[in-house]
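Peer 1: So that we are looking at the same thing, I have put the structure below in structure tokens.
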Amino acid sequence: EEWKLELKKGKRKAKRERQIMLSLLPLTMIFLLCFLLILPPSPLYVAGISLIGFAMLMILYLTFDMRFRPISEKEALDSQSFLTDHIEKLQKRKRVTSNFMWIYTFLLVLGINIGYIDVLKPAEPAFRILAHAVVTIFVPLGNYFAIKKRMKRQKEEVDPLIAQLEQLKQKS
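Its first residue numbered 179, the sequence shown is counted upward by one per residue in this note's numbering.
In structure tokens, the structure reads:
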């Protein structure tokens, strides 16, 4: 049946996303922490790194929280709990994209800007303002298009799957 293939495809994609995020978190934090060795110690830079790390951990937690529980083929065919669980996880995935990705974006921009305060202190005021403006404009703008693309893909792939699972739930 088509819904089973779509569900497996979605599970594979979600697993790949989790693996990517799980590898990006330590790489990003190592990269940012390396600057602590180069730059003079700064509480603002540490606060910025902490906000960025918190934002990444929040999204990583939400991504792992959306994992589908393993279930046998027999249970999949006649279990209300299977259908309910999968519908809820798919809906949660959509909520993470539409809501929590904006919180992530806000924390990311805030963390970068706070970290930049001391890092850019020696620079000319015009350059400092430009750097903060670029981050404040382009990070949310880039995330806007990424979120919009992801929501469109979810509307095309996840919404029909949710509808199919809800129909199966009503039949059983």
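Glycine is no exception: its CB is placed at the ideal position from the N, C-alpha and C atoms.
1. Can you tell me which of the three DSSP states residue 220 falls into?
2. Work out the CA separation of residue 209 and residue 216 for me, nearest whole Å.
3. In the structure shown, what three-state DSSP assignment does residue 257 receive?
4. Closer than 8 Å is the cut-off here; do at least three beta carbon pairs connect the region 226-244 with the region 325-336?
5. If residue 232 sits next to residue 308, beta carbons under 8 Å apart, how far is it from one beta carbon to the other, in whole angstroms?
6. Using the C-alpha atoms, what's the distance from residue 291 back to residue 314?
7. Evaluate residue 198 with the Cβ neighbour count: other Cβ atoms within 10 Å of its Cβ, from every protein chain shown; 16 or more gives buried, anything less gives exposed.
8. Fully enclosed by the region 250-329, which alpha helix (DSSP H) runs are 4 residues long or longer?
9. Classify residue 245 as helix, strand or coil using the three-state DSSP reduction.
10. With a Cβ-Cβ cutoff of 8 Å, do residue 192 and residue 244 count as a contact?
Peer 2: Quick look at the numbers:
1. If you number the sequence shown from 1, residue 220 lands on position 42. DSSP places residue 220 in coil when its eight states are reduced to three.
2. By 1-based counting over the sequence shown, the position of residue 216 is 38. By 1-based counting over the sequence shown, the position of residue 209 is 31. Going by the C-alpha atoms only, they are around 11 Å apart.
3. Against the sequence shown, residue 257 aligns to sequence position 79. Coil at residue 257, not helix or strand.
4. no
5. Translated into positions along the sequence shown, residue 232 becomes position 54. Translated into positions along the sequence shown, residue 308 becomes position 130. Not confirmed; about 27 Å, so no contact.
6. On the sequence shown, position 136 is the one that residue 314 refers to. On the sequence shown, position 113 is the one that residue 291 refers to. Using only the alpha carbons, I get a separation of about 8 Å.
7. Along the sequence shown, read from residue 1 onward, the residue named residue 198 stands at position 20. Exposed, since its Cβ has fewer than 16 Cβ neighbours within 10 Å.
8. 251-256, 258-273, 279-297
9. Your numbering for residue 245 matches position 67 in the sequence shown. Residue 245: coil per DSSP, three-state reduction.
10. Locating residue 192 in the sequence shown gives position 14, where the first residue counts as 1. Locating residue 244 in the sequence shown gives position 66, where the first residue counts as 1. Yes. Within cutoff.
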